[in-house]
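Residue numbers (the working numbering), protein chains in the order written: chain Z, 1439 to 1553; chain G, 1439 to 1553.
All C-beta atoms in this analysis are idealised placements derived from N, C-alpha and C, irrespective of residue type, glycine included.
To start, the structure itself, in structure tokens.
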């Protein structure tokens, strides 16, 4: 999807809590697909793993990031909460800032690589 | 050493080439210790692993980052080349830029965590 990522940025908040590109992409896909399992599939991730990440995010934050109904006749649905959209947007801005503020340094390192 | 890292930033240059905090710290310790094995020990890394990372960096870049003499009566010594110092410095500036340019977004995400 889109261009190959040029960097990975993962945030650490202590007590094992982290937020990075995997969770951000899962949130973005949940918003797009309306389903945790469909979002997980989009990342080649098991249903169980996708749910576990969502539960972890919902537990880490003061308010849940994802609002979901598990199972049921229509297989359940999911969407981001207001907090979920804010976190995803803040992380996206952060990545954009690294790209712009750090672009020159990244290019300087790249320029020294073997051609 | 110093404060707990609040984020991890790893750069990807394609063809399996990456540069991140592990290699940066290894370079910094090589500069401080004058020895690849001592630098590896400082990171709880085996001699073999530390050498392998140095060889990888030296192969990835157009000029070596580390200049070393392996073994010998004094156990060999190592120091950063000019290119090595430049790469380490550029990566350090990049981290500082994330910290400053991205500080507000990181704080915004952190503020939403469960207290």
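Listed as beta-bridge partners of residue 1507/Z by DSSP are 1515/Z. Contacts between residue 1465/G and chain Z, judged by CB atoms closer than 8 Å, are missing: the closest CB pair is about 12 Å apart. For residue 1456/Z, same chain residues with a beta-carbon under 8 Å away, outside a window of 5 residues either side, are 1448, 1449 and 1450 in chain order. Here residue 1542/Z is exposed. Its C-beta has fewer than 16 other C-beta atoms within 10 Å. Looking at the DSSP output, residue 1494/Z shares a beta bridge with no other residue. With fewer than 16 other Cβ atoms from the protein chains shown falling within 10 Å of its own Cβ, residue 1470/G counts as exposed. Within chain G, no residue has its beta carbon less than 9 Å from that of residue 1493/Z; the closest one is some 13 Å off. C-alpha of residue 1552/Z to C-alpha of residue 1498/G: approximately 6 Å in a straight line. With a minimum length of 4 residues, the unbroken runs of alpha helix (DSSP H) contained wholly in the region 1443 to 1472 of chain G fall at 1459 to 1471.
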